[in-house]
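Presented below is the structure to which this report refers.
Protein chains: 2
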Amino acid sequence: MDALEVLFTRRSIRKYTDAPVSDADLKLLLRAAMAAPSANNAQPWQFIVVRDQARREAIARCHPYAQMAPKAPLCIVVCGDLGKEKTPGFWVQDCSAAIQNIMLAARALGLGTVWTGVHPVEERVTAIRQAFGIPDGVIPLGIVVVGHPAQPFSEQDRYDEHKVHYDQW
Amino acid sequence: MDALEVLFTRRSIRKYTDAPVSDADLKLLLRAAMAAPSANNAQPWQFIVVRDQARREAIARCHPYAQMAPKAPLCIVVCGDLGKEKTPGFWVQDCSAAIQNIMLAARALGLGTVWTGVHPVEERVTAIRQAFGIPDGVIPLGIVVVGHPAQPFSEQDRYDEHKVHYDQW
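Here the protein sequences line up with chains U and E, keeping their order.
Be aware that the first sequence starts at 10, since it is given in this note's numbering, and climbs by one per residue.
Be aware that the second sequence starts at 10, since it is given in this note's numbering, and climbs by one per residue.
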């Protein structure tokens with residue numbers, strides 16, 4: 010699928026069919042995530058692949074905006090691993106780029122996604138940490154909910170010239 | 010260009026030819042940035058397009074890892090606008106997704122980029138703020154240096170199975 014079409018038609022998809030996400034597609038999503046840039050190429054990320062129904066229900070209990078998780082075949086919890094940072098403080102940016110890559114690779118495969126934020130909302134971090142046994146020094150940043158879309162992709166142009174400044178503010 | 014090829018062949022490019030980046034390509038990069046997801050769709054980003062030579066030299070003085078900026082035809086300073094956030098604390102993730110979109114759109118156009126981090130390194134934030142007159146409440150997150158590549162794109166598979174966990178840590 011054309012890259013620019015992917016960029017401009019990726020939208021949050023919150024309704025899914027019952028079709029599972031294949032192992033091949035899952036691996037491609039994770040490869041795309043790990044192809045993201047990171048500060049000093051530290052790649053300070055970890056991924057929890059969640060297909061188990063009970064654990065997807067746990068996500069919904071942990072996160073007020075993840076109510077679609079139990080109805081999706083797949084969730085990916087993207088975590089920052091502070092111990093892998095070479096330049097402390099950049100893990101959020103690194104892992105956000107990884108998440109965006111997952112979402113775009115999914116769009117290219119015809120899969121729908123929605124990014125539900127965890128960090129820096131402490132009660133969500135604590136709940137997700139407990140639900141998945143995430144150790145200290147690893148912080149769940151966000152959860153990508155993935156499935157075959159039961160709603161259309163559509164293009165929306167958000168370009169806003171007021172947000173563009175030339176050579177100075 | 011194929012989306013998956015873009016995702017897997019985007020690499021940091023630090024050497025550029027003398028060719029300028031066209032206005033059409035610049036606009037497409039900014040449209041791609043603004044097509045990124047954001048918490049509550051707040052779109053809390055601002056962009057400073059830097060083509061002026063003196064200002065690109067200023068970037069190199071402000072940032073130890075942006076020495077390629079004076080030799081690139083274009084830099085884009087991506088800033089978070091705290092006043093536009095609907096859910097405080099997510100602007101870094103939102104703007105990081107926007108940066109990643111810029112980098113991928115550039116790759117699709119055959120342009121090379123490198124992401125130089127600014128926030129949370131306070132001395133870089135202060136220096137860039139002063140150089141461009143960025144107001145309080147707006148924080149420079151990173152600078153994307155853009156140009157026509159004078160070095161090849163190449164694919165590198167960073168997939169690491171040790172970073173993948175299934176249903177629990």
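Glycine included, C-beta positions come from ideal geometry on N, C-alpha and C.
query, result
"Determine the extent of the alpha helix (DSSP H) in which ILE143/U is found, giving its start and end residues.", "Segment: none, ILE143/U is in no alpha helix (DSSP H) and carries neither H nor E."
"For TYR25/E, would you say it is in contact with chain U, using Cβ-to-Cβ distances shorter than 7 Å as the test?", "no"
"Tell me, please, whether the CB atom of ALA42/E is closer than 7 Å to any CB atom in chain U?", "no"
"May I ask you to report which of helix, strand or coil DSSP gives ILE22/E?", "coil"
"Run through the DSSP bridge pairs and tell me what TYR175/E is partnered with.", "VAL58/U"
"May I have the straight-line CA-CA distance separating PRO161/E from VAL173/U, to the nearest angstrom?", "30 Å"
"Against chain U, with Cβ distances strictly below 7 Å, would HIS174/E count as a contact?", "yes"
"Hey, is GLY126/E's beta-carbon within less than 7 Å of any beta-carbon in chain U?", "yes"
"Enumerate in chain order the residues of its own chain whose CB-to-CB distance from LYS93/U is below 6 Å, with the five nearest sequence positions on each side excluded.", "ALA51, PRO53"
"Kindly indicate the opening and closing residues of the alpha helix (DSSP H) around VAL87/U.", "That residue, VAL87/U, is in no alpha helix (DSSP H); its beta strand (DSSP E) goes 83 to 90."
"Would you call the CB atoms of PRO149/E and CYS88/E closer than 7 Å?", "yes"
"PHE99/E touches chain U at which residues, Cβ-Cβ below 7 Å?", "GLY126"
"Could you tell me which of ALA45/E, VAL155/E, VAL58/E sits nearest to VAL101/E, measuring between CA atoms?", "ALA45/E"
"Starting from GLN52/E, find everything on chain U with Cβ-Cβ shorter than 9 Å and list it in chain order.", "ARG167, ASP169, LYS172"
"Would you say ILE111/E faces chain U, with C-beta separation under 7 Å as the test?", "no"
"Under 7 Å between the Cβ atoms of ALA81/U and TYR25/U?", "yes"
"Does chain E have any CB closer than 7 Å to the CB of GLN76/U?", "no"
"Work out the CA separation of ALA115/U and THR18/U for me, nearest whole Å.", "11 Å"
"Quick check: VAL15/U and ALA117/U, are their CB atoms within less than 7 Å of each other?", "yes"
"Would ILE152/U and THR125/U qualify as a contact pair, given that the criterion is a beta-carbon distance under 7 Å?", "yes"
"Taking only beta-carbon positions, decide if LEU13/E is within less than 7 Å of chain U.", "yes"
"What does ASP32/U reach in chain E if we use C-beta pairs closer than 8 Å?", "Within 8 Å Cβ-Cβ: nothing; ASP32/U doesn't reach chain E, min ~11 Å."
"Any residues in the region 138 to 150 of chain U with a beta carbon nearer than 8 Å to a beta carbon of chain E? Which ones, in chain order?", "PHE141, GLY142, ILE143, PRO144, VAL147, LEU150"
"Is SER47/U closer than 7 Å to ASP11/U when the C-beta atoms are compared?", "no"
"For HIS171/E, count the other beta carbons within 10 Å of its own beta carbon; 16 or more makes it buried, fewer makes it exposed. Which is it?", "exposed"
"Among ASP27/E, SER31/E, PRO144/E, ILE137/E, which has the Cα closest to the Cα of PRO73/E?", "ILE137/E"
"Can you tell me which of MET43/U, LYS95/U, GLY119/U, VAL59/U puts its alpha carbon nearest to the alpha carbon of PRO158/U?", "GLY119/U"
"Can you tell me where the alpha helix (DSSP H) with VAL123/E in it begins and where it stops?", "Taken as a continuous stretch (DSSP letters only), VAL123/E belongs to no alpha helix (DSSP H), being part of the beta strand (DSSP E) at 121 to 126."
"How would you write the range of the alpha helix (DSSP H) that LYS36/E sits in, first residue to last?", "32 to 43"
"Please confirm whether LEU16/E has its beta-carbon closer than 7 Å to some beta-carbon of chain U.", "yes"
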